[in-house]
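Read through the structure below, which is laid out as structure tokens, and then see the notes.
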Amino acid sequence: MQMKIKYFKIRKAVAIIFAIAIAVCCAHHSSFQSVAATAMKNTAVQNTVQMPQVYPCGFPVGIYMETEGVMVVTTAQIPTNMETLSSPCEGSLQQGDYITSINGNPVNSKEELVSSVEACAGQPLTLHIVREQESFDISVLPIQDTSGTYRLGVWVKDDVQGIGTLTYISEDGHFGALGHPINDSDTGKRVSVRKGGLYESQIQMIIRGKNGTPGSFCGIICYDTSTFLGNIYENTSCGIYGNVSALMKEKLVRSALMQMAHKEEVVCGKAFLRCAVNGEPQDYEVEIIKTQPGSTGGFQICVTDKVLLEKTGGIIQGMSGSPLIQNGKMIGAVTHVFVNDPTKGYAIYAEDMLNH
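Counting from 1 along the sequence shown, just add 4 to a position and that's the residue number in the numbering used here.
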């Protein structure tokens, strides 16, 4: 099998989600509140549940996910032989809908959708739609375009891809990555994943971040059985999850287990961010500047390491998922960067990633 290598600037899929999250982060920047040290101590005493040990990672991975059905990006008008424009799905389908079957037959790819529509012979089709938490059927009558081919007049996609950072791997081979969901770059909605995979990737270039313009990783993903690192089963609000491959388990031989921390153990002060800006994961010094363990929110960090600041300007796109370490424990992962100050960012607690 010939290895497929895709080159791209990290602006799609994972990276764009990161950018969307940035805007949210900026909008709520003033709402973050510190928690008093005494309150944290009192809460920590009450929490006696032992947190598991994991392998903190911090290296980039290629991400490829196939959607559950095909995702509707937008509807469109179709030129007909009657010299008119027609849009069969307008008003029936919405951006972010999933078409999961046609006339009871599963649809998992753009090709399957096109094939079913072209074979309709001018008869109405029953489309099964999943919209948010609802599912229902609609009837649509395809029309013929100027070439005589039956069309629905809808733009769809069936996969997403990009580069992110692997956060941790458990002792039994489960992984967590990113720390935030993968949202579609066109709709802004979370992608419903049917199946997906992690692949080896290499960072080829780094674009430094500056005030008002987040930086980014530029790299390659190698899609091949020899570079396959694991299966993706879930795309949640706390990140993506799955099981690693035998190849990935071999890479863990050089790694050391580390205990995860409870939220209440995370305190303002010195910590470390693990990422691979020079090929191999290294720990870079950061400062935790705000915590809020009693809520569903995360905590804020500021990059202080001179080497990392020189290399990246701070937190950049593609760095989401980089594990954070304090007092010998993994406390969380980077998720967002503040657009107007790339040295500062937002992180999710390790406990929240674990309990997704």
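Ideal Cβ positions, reconstructed from N, Cα and C, are used throughout, including at glycine.
8 Å Cβ shell around residue i - same chain, five flanking residues per side excluded
i: residue 270; result: 292, 295, 297, 303, 330, 335, 336, 353
i: residue 80; result: 91, 157, 158, 159
i: residue 121; result: 106, 129, 146, 154, 155, 156
i: residue 140; result: 132, 133
Residue i versus residue j - alpha carbon distance
i: residue 149; j: residue 78; result: 18 Å
i: residue 178; j: residue 103; result: 30 Å
i: residue 72; j: residue 310; result: 44 Å
i: residue 42; j: residue 290; result: Low per-residue confidence applies at residue 42: pLDDT is 26, beneath 50, and the placement is therefore not dependable enough to give any value.
i: residue 240; j: residue 301; result: 15 Å
i: residue 118; j: residue 111; result: 10 Å
i: residue 142; j: residue 127; result: 14 Å
i: residue 69; j: residue 312; result: 30 Å
i: residue 168; j: residue 58; result: 19 Å
i: residue 124; j: residue 137; result: 29 Å
i: residue 48; j: residue 55; result: Residue placement at residue 48 is poorly supported in this model, since its pLDDT is 40, which falls under 50; the coordinates still yield a value, given next. So the alpha carbons of these two residues sit roughly 13 Å apart.
i: residue 152; j: residue 98; result: 26 Å
i: residue 325; j: residue 360; result: 14 Å
i: residue 238; j: residue 213; result: 30 Å
i: residue 286; j: residue 280; result: 6 Å
i: residue 133; j: residue 82; result: 22 Å
i: residue 256; j: residue 247; result: 14 Å
i: residue 272; j: residue 222; result: 32 Å
i: residue 258; j: residue 109; result: 47 Å
i: residue 183; j: residue 86; result: 52 Å
i: residue 116; j: residue 135; result: 20 Å
Sub-8 Å separation of residue i and residue j beta-carbons
i: residue 91; j: residue 84; result: no
i: residue 322; j: residue 346; result: no
i: residue 333; j: residue 260; result: no
i: residue 188; j: residue 75; result: yes
i: residue 357; j: residue 243; result: yes
i: residue 114; j: residue 162; result: yes
i: residue 107; j: residue 130; result: yes
i: residue 283; j: residue 319; result: no
i: residue 65; j: residue 205; result: yes
Nearest residue (CA-CA) to residue i, options the options
i: residue 341; options: 200, 215, 61, 54; result: 215
i: residue 53; options: 276, 263, 307; result: 263
i: residue 227; options: 185, 165, 145; result: 165
i: residue 314; options: 210, 343, 62; result: 210
i: residue 236; options: 142, 151, 197, 339; result: 197
i: residue 170; options: 141, 203, 134; result: 203
i: residue 94; options: 144, 233, 252; result: 144
i: residue 249; options: 174, 338, 268; result: 174
i: residue 101; options: 351, 194, 167; result: 194
i: residue 63; options: 308, 207, 268, 213; result: 207
i: residue 185; options: 245, 359, 287; result: 245
i: residue 267; options: 221, 351, 225; result: 351
Contacts around residue i, its chain only, beta-carbon distance under 7 Å, and the 5 residues preceding and following it disregarded
i: residue 60; result: 172, 262, 278, 327, 329, 334
i: residue 306; result: 290, 291, 293, 347, 348
i: residue 96; result: 142, 144
Residue environment, residue i, which counts as buried when at least 16 other CB atoms sit within 10 Å
i: residue 275; result: buried
i: residue 355; result: buried
i: residue 181; result: buried
i: residue 192; result: exposed
i: residue 254; result: exposed
i: residue 231; result: buried
Neighbourhood of residue i by C-beta distance below 6 Å, restricted to the same chain and skipping five residues each side
i: residue 252; result: 233, 234
i: residue 288; result: 277, 309, 312
i: residue 225; result: 10, 66, 203, 205
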